[in-house]
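The structure appears right after this line, and notes come after that.
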Amino acid sequence: MDFQSILDEINEEIRPHLGSGGKVASYIPALARVSPLQFGMALRTCDGQEAASGDSTVAFSIQSMSKVFSLTLAMQRSKGNELWERIGREPSGSPFNSLVQLESERGIPRNPFINAGAIAVADRLISQGDAKADLLVLLASLSGEAVAIDPEVAQSEADTGFRNTALANFMKGFGTLDNEVAEVVDAYFHQCAIRMNCVQVARAAGYLCRDGMHPYAGTPVITGKQARRVNALMLTCGTYDAAGEFAFGIGLPCKSGVGGGIVAVVPDTLSLCVWSPALDKTGNSHLGTRALELFVAKTGLSVF
Ligand code: GLN
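First residue of the sequence shown: 110, per the numbering used here; consecutive thereafter.
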């Protein structure tokens, strides 16, 4: 398939709509001032073919897309079922920062991709090593380039992170977290503040379309069974309470972030990333979602 022409066509179809529909995340200044007039898309196939179009090398805040990679690290390091004794695997049907469910479900987050779940994963990473540094090392290895944390975004996440700290306190009260709340949310805020571009994210997710094998090194990042589980969680829980709509309309495992990025996987075929900063009501990139719909329509790719 001529992926470069397909991405160029999608870029041409999307660009006239930039600035119409959706709103850039506004909870911190560093995200609020990002221009919504940007769109990028990149992919890498399992056999190493790359294609990219639009603003595919402009770095953006990966935000909740980081949850895929932090979960991967925690899966690598956890024995048996220990991770899943603290974190569920059900879609939440609630906004990503909802407190209500956590109260009624006694401090066990529904899944690793809502904020509470990712905070519980960050707690595991602290117990298992150096959470912040280990994630950067993994991402640099997977994308083949150094990646960094934006210190201004990390600080603003901390300054405004009252709900996330509340979620962490709740879980600490129920015994879900082993480490101090301040240390756990610090790791979470820093992972949200990592900056990458579409090309880097598409490369980094390559292990998810290769049964867990590293996209360059050819060694396992996680096992094939674990990679299938990450993909299953992305499909059912990766786009907040729009996951049903995504499965219905796009049919690929996806994980979005409020920076406007969405990473998607076509198992055994390719990994891709789209980015456009304006978000719809569910917190997913408005035009990124549209671009993924165009991509599956033009390629016929789907997990179903
Ligand atoms: N930093 C954001 C938060 O924790 C990330 C949320 C997201 O991308 N869904 O609220």
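Note that CB positions come from ideal geometry on N, CA and C, so glycine has one too.
Bear in mind that the values here come from a model prediction, so they are computed numbers and not experimental data.
Presumed contact (8 Å Cβ cut-off) between residue i and residue j, rounded CB distance
| i | j | result |
| --- | --- | --- |
| P204 | D111 | About 39 Å; that fails the 8 Å criterion. |
| T345 | S365 | Not a contact, Cβ separation roughly 14 Å. |
| A168 | V262 | A168 to V262, Cβ: 11 Å. No contact. |
| K241 | A296 | 6 Å |
| E122 | L403 | 6 Å |
| I228 | L276 | 6 Å |
| L381 | H323 | 18 Å between Cβ atoms; not a contact. |
| N206 | R272 | 5 Å |
Assigned exposure category for residue i - 16 Cβ within 10 Å defines buried
| i | result |
| --- | --- |
| T285 | buried |
| T181 | buried |
| K132 | exposed |
| L146 | exposed |
| Q172 | buried |
| G370 | buried |
| V209 | exposed |
| K334 | exposed |
| A356 | buried |
| K188 | exposed |
| R142 | exposed |
| P221 | buried |
| T398 | buried |
| A134 | buried |
| F413 | exposed |
| P200 | buried |
| E266 | buried |
| P218 | buried |
Residue i CB to nearest heavy atom of ligand 1 below 7 Å
| i | result |
| --- | --- |
| F404 | no |
| C363 | no |
| V367 | yes |
| Q309 | no |
| N224 | yes |
| C382 | no |
| Q264 | no |
| S250 | no |
| S173 | yes |
| G202 | no |
| G392 | yes |
| N206 | yes |
| N273 | yes |
| C346 | no |
| C318 | no |
| C155 | no |
Member of the options whose CA lies at the smallest distance from the CA of residue i
| i | options | result |
| --- | --- | --- |
| S179 | E292, N288, L234, R198 | L234 |
| Y316 | T378, G370, M280 | T378 |
| D117 | A227, L192, D164, I258 | D164 |
| H126 | H395, E212, G353 | H395 |
| A314 | Q113, P362, R124, S201 | P362 |
| G392 | P218, D259, M184, G368 | G368 |
| A291 | V339, C307, A231 | A231 |
| S129 | W193, D389, V256 | D389 |
| R319 | V375, S175, F283 | V375 |
| L244 | A373, V330, K407, S265 | V330 |
| D239 | R124, G202, R186 | R186 |
| A373 | A326, T274, A341 | A341 |
| S114 | I137, M150, I359 | M150 |
Segments of 3+ residues assigned as beta strand (DSSP E) that fall wholly inside the segment 327-406:
For the segment 327-406, whole beta strand (DSSP E) runs of length 3 or above, ordered along the chain, are 363-365, 370-375, 379-384.
- Query: Which whole runs of the alpha helix (DSSP H) in the segment 166-223 are 4 residues long or more, in chain order?
  - Reply: Segments of the alpha helix (DSSP H) lying fully in the segment 166-223: 175-186, 209-213.
Ordered list of alpha helix (DSSP H) runs contained in the segment 259-296, each at least 4 residues:
Along the length of the segment 259-296, whole alpha helix (DSSP H) runs at least 4 residues long occupy 260-269, 271-283, reported in chain order.
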